[in-house]
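Protein chains: 2
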Amino acid sequence: MFLDEIARPDDVRRQNRRLVLATLRRHGLLSRTDIVAQTGLSPSTVSAITTALISEGIIAESRDGDIIANRRGRPQVALTLNPAVATVATVELALNLVHAVLFDYKGQMIAEEFHRVSTLDAKSDDLIHSICLMLDNLLESRPSNAGPLMHISMGVQGVTDAARATMLWSPITPDINIAFGEVLSKRYDVTVAVANDCNMIAEALRWTDPEHYAEDFAAILLSHGIGMGLYLKGKPFLGAHSSAAEFGHMLHVPNGALCRCGRHGCIEAYASDYAILRRTSGQDEKDQPAQDVDPAIYDEVANRARTRDGEERAAFRKAGQAIGSGLRSLFSLIDPIPVALVGSGAAVFDLIEDDLRDIVSGTSGWGAAQELSIRCYPDEHPLILQGCMMTSLLHLDTQVFAPGDAGDTPIKRAI
Amino acid sequence: MFLDEIARPDDVRRQNRRLVLATLRRHGLLSRTDIVAQTGLSPSTVSAITTALISEGIIAESRDGDIIANRRGRPQVALTLNPAVATVATVELALNLVHAVLFDYKGQMIAEEFHRVSTLDAKSDDLIHSICLMLDNLLESRPSNAGPLMHISMGVQGVTDAARATMLWSPITPDINIAFGEVLSKRYDVTVAVANDCNMIAEALRWTDPEHYAEDFAAILLSHGIGMGLYLKGKPFLGAHSSAAEFGHMLHVPNGALCRCGRHGCIEAYASDYAILRRTSGQDEKDQPAQDVDPAIYDEVANRARTRDGEERAAFRKAGQAIGSGLRSLFSLIDPIPVALVGSGAAVFDLIEDDLRDIVSGTSGWGAAQELSIRCYPDEHPLILQGCMMTSLLHLDTQVFAPGDAGDTPIKRAI
DNA sequence: ACTATTTTTTTCGAGCCTCGAATTAAAGGG
DNA sequence: CCCTTTAATTCGAGGCTCGAAAAAAATAGT
């Protein structure tokens, strides 16, 4: 709530509806009494809010899944999010891959589809066409009891403008400024979010492990490029204008190695897979890097680095230094925070860890000098998928099902 | 307003009170009709809120300063913040200098006092003693119609922990972890804020030029050390745990010049005044830098750099590169934003600008490639002062005078 | 079988809030 | 001296949350 915003009485109900939906989403199956205990709201208020939500079809009483039986007193009746109130779609767009999935409002997968596309040769229209085809298929084949499609969330490898739901630039395709949001929004008549995949990863991590990834943490994706999803003060941090924190394009060496973004000396130009292969293949660091990297070759190089101390090991060490130097600068700006390393780079963490920690060490500086926490997740795709799903569902929870105005409730719109 | 917070009906009033106080603080003299126009609240609500604020003594009708006369209809009656409802104190702590000032609730200076202290030799008790002495003097000598002291805001050169109102580390004194907040809070029975001086500068800039320094901007203080105050999404950005964004300690050159913080290669180790003098005095970049710098000598070096192309000019160019490299990394993380350069470094901007811009250029990258805006403010002290004042006053506006509960209103507490 | 007990959930009134409409207040114009 | 115009307040309607009381729905005991 900002200082220049005006508060109205129904804002109170809106906020408390959000609160109820959030606890239901987190716990799955909860009685009204449980909700009272979890939220701190009074029983009367919880009663009022839940009856409203039930009448709008957003949540439902779950008769079968009764919580506790064989106890004295009136039994609690379990409430749960109504899976059939809405469907959301997620689209992951990566190099040569489109992955679309449908989820119900409870977060259960309804259907999914993979599609191989030569993204590097694809024009924006080709990409959009592929995505629409997949979504059409999925929507047509879904069971009749599924709810109406109400949100699409895209996670893309590239720089995005969240406000305009546009992909500004991406390494996976030559076209720029692709307005996925506008197109999909018109075609399916729903709101669309277009976010950087790293932000989706961060979202997923925070959802699955809120203990560890709490208010402040960073998820760094080390794969085809280097990106970062950042959570600060419990909120995803999007740049001032565009999208993600472009960790990979922080400056490591002034006038250094050529980066795929066209500039010189970026962290990515030392630590990404293409940077490693450029180095181990004997090319100059100013040479244009490969657009695509064969994972098999990358693994081979990594294994060679593990077995003998040669050019390969040196390349990974350089990578560790680049990431470490970026982290040290990052930690100077925002204090040390837990880090998740995701993607192929996480699979070679053993090769970069020592150099990385060497450079970072001493960062903690004046504050509580805690140990730097780094966790690795070699496979990024499940995280991206889950992050997209949570983005969509939380959007519905907080933006669509939150307004108390029953006259414009989505279920009525869908009728 | 967070997702796990519960909303109550009186929160609405609290928020709208804040809104009214904020518009009054910004515009100074406003009729109820003006407030209606500015805020968007209904006349009835504005009437209710203003009568409450008047009865609590927080604002007052200003009979003399009538806004518009000679017009048909009932004349508007001007409202204004009541200067006598509270007094706030600011303390600026810098190298060899303590500056304490008293302001009334309207932001008018009541009294001020400067004190020269050899901070480098001072123990924490000495510093606290000096500050208390000054505040005692000021409070005793203030006019009888002044309001009760209700907040103290300190701006210090060093790393602070805002939550604990503690100065963790500072270049101006050997002692660490000085709990100014706790001591002053007990002694004067008020809340105390301890912030990094750069954050105060940012606060002041946003207040004086909200057009230019809007949602996102950075204020970089180039003087005895290098610090940064950052505004993101319209809110001051404090690190995850400690205090300011330590721009000066981002990594510029791995294993590079020795920084005063004990590490190597920080931006500060190339761009601060002591770094320039270390270089021009023929010392090695790994030598321990001077603790104190004579401004006269610094100016002399700058002038030499302007007149001939020698070691001095090279030193400033190095400084420009260091700052530029930091900015480029910063802009990678949070997108390009307007920058204010403050302090002695701003006076030599002509010597560093070219190299700085060279390194930064290309940062804008994919987004709207706007021109990097840099403005210079050679004297940091007025900004720090104003920032401290605004911090205190806004704290009163939003935290103390906002709760609608009239039973515990501060003016009653003071009686 | 029937009542007492226990626990959950709903209902109802009090006390907040904002807002629109009507009313009162306080000037200038003719 | 009345009319017009503008400012500010008052009042009722419709929200909201909450505490207390009532209703609902089970088990336990006789």
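Protein chains in written order, with the working numbering: chain A, 2 to 416; chain B, 2 to 416. Quick reminder that beta carbons are idealized off the backbone N, C-alpha and C, glycines included. A quick note: this is a predicted structure, and the numbers were derived from the prediction, not measured.
The beta carbons of B/V184 and B/I129 sit closer together than 8 Å.
Remark: C-beta atoms of B/E216 and B/G235 approach each other more closely than 8 Å. Around B/S63, the same chain offers A79 and T81 as residues with beta carbons nearer than 6 Å, after the five sequence neighbours per side are excluded. A straight line joining the alpha-carbon of A/T281 with that of B/R314 spans about 40 Å.
Within the segment 204-280 of chain B, the complete beta strand (DSSP E) segments of 3 residues or longer fall at 218-223 and 227-233, listed in chain order. When DSSP assignments are scanned along the segment 68-107 of chain A, the uninterrupted stretches of beta strand (DSSP E) that are 3 or more residues long and fall wholly within it turn out to be 79-82, 88-95 and 98-105.
Residue-level contact by beta carbon fails for A/E212 and chain B, as no gap is shorter than 8 Å. Burial state of A/T174 is buried, judged by a 10 Å Cβ sphere holding 16 or more other Cβ atoms.
A Cβ-Cβ contact shorter than 8 Å links A/P10 with B/V13.
When secondary structure is reduced to three states using DSSP, A/N138 falls in the helix class.
In this chain, the beta strand (DSSP E) harbouring B/E113 covers M110 to R117.
In summary, no residue of the segment 116-138 of chain A has a CB separated from any CB of chain B by less than 7 Å. Under the three-state reduction of DSSP, B/G156 is assigned to strand.
Under the DSSP assignment, B/R314 falls in the alpha helix (DSSP H) whose first and last residues are E312 to I335. C-alpha of B/S48 to C-alpha of B/L42: approximately 10 Å in a straight line. Going by DSSP, A/E62 is part of the beta strand (DSSP E) stretching over I60 to E62. Residues of the segment 379-402 of chain A with a Cβ closer than 8 Å to any Cβ of chain B, in chain order: T399. At least one CB of chain B lies nearer than 8 Å to the CB of A/G240. Note that the C-beta distance between B/D356 and B/G388 is not below 8 Å. Annotated three-state conformation of A/V401 is helix, per DSSP. It is roughly 10 Å from the alpha-carbon of A/A291 to the alpha-carbon of A/D274.
Annotated as distal: B/G321 and B/E286, with beta-carbon spacing of 8 Å or more.
Here the segment 378-396 of chain A lies against the segment 150-166 of chain A, with 3 or more beta-carbon pairs under 8 Å apart. DSSP places B/T52 outside any beta strand (DSSP E); the residue lies instead in the alpha helix (DSSP H), whose first and last residues are P44 to S56. B/L394 sits in a helix when the DSSP states are folded into three classes.
Taken atom to atom, the span from the alpha-carbon of A/P379 to that of A/A348 is near 5 Å. CA-to-CA, the gap between A/A180 and A/A166 works out to about 6 Å. At least one CB of chain A lies nearer than 8 Å to the CB of B/I7.
In this structure the segment 45-59 of chain B does not touch the segment 32-42 of chain A; the number of beta carbon pairs closer than 8 Å is below three. Non-local C-beta neighbours of A/A297 in its own chain, meaning closer than 7 Å and more than five positions away in sequence, are absent. Take the alpha-carbon of B/Q289 and the one of A/I360: they are about 21 Å apart. The CB of A/E269 never comes closer than 7 Å to any CB in chain B; the least such distance is about 10 Å. The alpha-carbon separation between A/L140 and A/H225 amounts to approximately 31 Å. Taking the beta carbon of B/L252 as reference, the chain A residues within 7 Å of it are S326, R329 and S330, listed in sequence order. By the CB criterion at 8 Å, B/G344 and B/E381 fall inside the cutoff.
Contacts with chain A at 8 Å (Cβ-Cβ) include B/N17.
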